[in-house]
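The structure appears right after this line, and notes come after that.
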Amino acid sequence: MNEDLTMSQPDYKNFGKQLAMGVSGALLALLLTACDSGPETAEITNKPVTSVTSSQRSYDTPEQAVDALITAARENDDSALLTIFGQKYKDLLMTDDKASEKVQRAKFYEAYQEAHKLQTSLTGLLTLIVGNNEWPFPIPLIKEDAGWRFDTRAGIEEIINRRVGANELAAINTMKSVLDAQIKYASVDRNDDGVLEYARKFSSTPGQHDGLFWDSAEGVSEQDISPLQSFVTEAGEYLSARESDDAPFRGYHFHILTSQGPNAKGGSYEYIVGDSMIAGFAIVAWPDEYGQSGVMTFVMNHEGTIFEKDLGEATAEVDSSMVTFDPDDSWKVVGVN
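Per the numbering used here, the sequence shown starts with residue 63, numbered consecutively.
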């Protein structure tokens, strides 16, 4: 049996069930990008809107444009954000990963509350700087006849690059967490059958420990704590923001594999012997939206080496029907050029 990785709501009681369908931010990944900046600053104040074009709103002052952005981020308002940045950029700015968008917008708003200023670049553009760490907003403000607006075109490539990079790193770290969880899981006979085995699914059947996650009661022994508990706790804000069971986790879906092919170290064999997965395990992670939420597809087996490959449009063919870990020479080891 194979199972995709999804995330659950904050009580985690249904985590395993939702983990079974897919486990990244979107628009607000643009918050942590770099821009040229100079010494001039301006404080943020409320001003009236000057004009609205068919695709993007202009403002009387840059401060008023920033106020509109902050309000939209605080309220997690897609419609308002597209009015600010331009409807024609919708497919590039927005993704299907609404949970990550919500979390990243909240983080942006929190950073703005810590500190904020406008800086003038050497080319005369204004850049919004937020947070105690002075994170530059990637989309600068420009002055036109109609007023001030965000120059979305100037920052769109950086937005996508940052989003993809953040999601791919999160996917790699998630796979490492699954590796650790599988090792912990296999260190104990979880079903009293006398066999130490890996989990074949992420979710446990209610009342059992036949998956990597189960609801762990307080005060239980170490071995009775779900091997994925720490991961679930750390990812809580992303889990609680999810709206459906099949939503991606930080732009990626995950799926357990139960065999390996001829290109894998050791050759072809099944991980399941009899009714227990004792010979190994593997996992695949693929982007929910190729080119938008991620580019690379990742695979890893029980030996812990993560391989990556840009599958291009064929990424859409990767799904829960995949059962075999089989990276050939076209797959590269992550972190090795």
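Beta carbons are placed, not taken as given, at the ideal position from N, Cα and C, and that holds for glycine.
Ala173 sits close to Trp197, with the two beta carbons spaced by under 8 Å. If you draw a straight line from the Cα of Tyr247 to the Cα of Thr157, it is about 34 Å long. Residue pairing from DSSP places Thr182 in a beta bridge opposite Leu188.
Remark: C-beta atoms of Leu155 and Ile204 do not approach each other more closely than 8 Å. Annotated as proximal: Leu180 and Leu188, with beta-carbon spacing under 8 Å. Residue range Lys160 to Glu176 is occupied by the alpha helix (DSSP H) that includes Tyr171, with no beta strand (DSSP E) assigned at that position.
The alpha-carbon of Val240 is positioned some 21 Å away from that of Tyr331. Ranked by Cα distance from Val385, the options Ile345, Ser355 and Leu258 are led by Ile345. For Tyr314, the enclosing beta strand (DSSP E) stretches over residues Tyr314 to Leu319. For Asn363, the enclosing beta strand (DSSP E) covers residues Thr359 to Asn363. Fewer than three beta-carbon pairs drawn from the region 314–323 and the region 281–292 are found closer than 8 Å, and the two stretches are therefore not classed as touching.
When C-beta atoms of the region 261–279 are compared with those of the region 369–383, fewer than three pairs fall below 8 Å, so the two segments do not count as touching.
Assignment of Leu258 by DSSP, reduced to helix, strand and coil, places it in the coil class.
Closest by C-alpha distance to Asp153, out of Gln126, Phe343 and Thr214, is Thr214. A distance of 8 Å or more separates the beta carbons of Arg225 and Arg119. Secondary structure at Val346: strand, using DSSP grouped into helix, strand and coil. Tyr151 carries a helical assignment under DSSP once its states are collapsed to helix, strand and coil.
Looking at the backbone, the Cα of Asp286 and that of Ile334 are separated by about 24 Å.
Rounded to the nearest angstrom, the Cβ distance from Asn363 to Gly342 is 6 Å, consistent with a contact under 8 Å.
A residue is called buried once 16 or more other Cβ atoms fall within 10 Å of its Cβ, and Gln149, having fewer, is exposed. Boundaries of the beta strand (DSSP E) around Ile204: Leu203 to Glu206. Spanning the alpha carbons of Ala378 and Asp350 requires a straight line of approximately 8 Å. In this structure, the beta-carbon distance from Asp129 to Gly209 does not fall below 8 Å. When DSSP reads this structure, Gly209 sits in a beta bridge with Glu206.
The beta carbon of Trp393 sits closer than 6 Å to the beta carbons of Phe369 and Lys371 from its chain, once the five residues preceding and following it are set aside; these are given in chain order.
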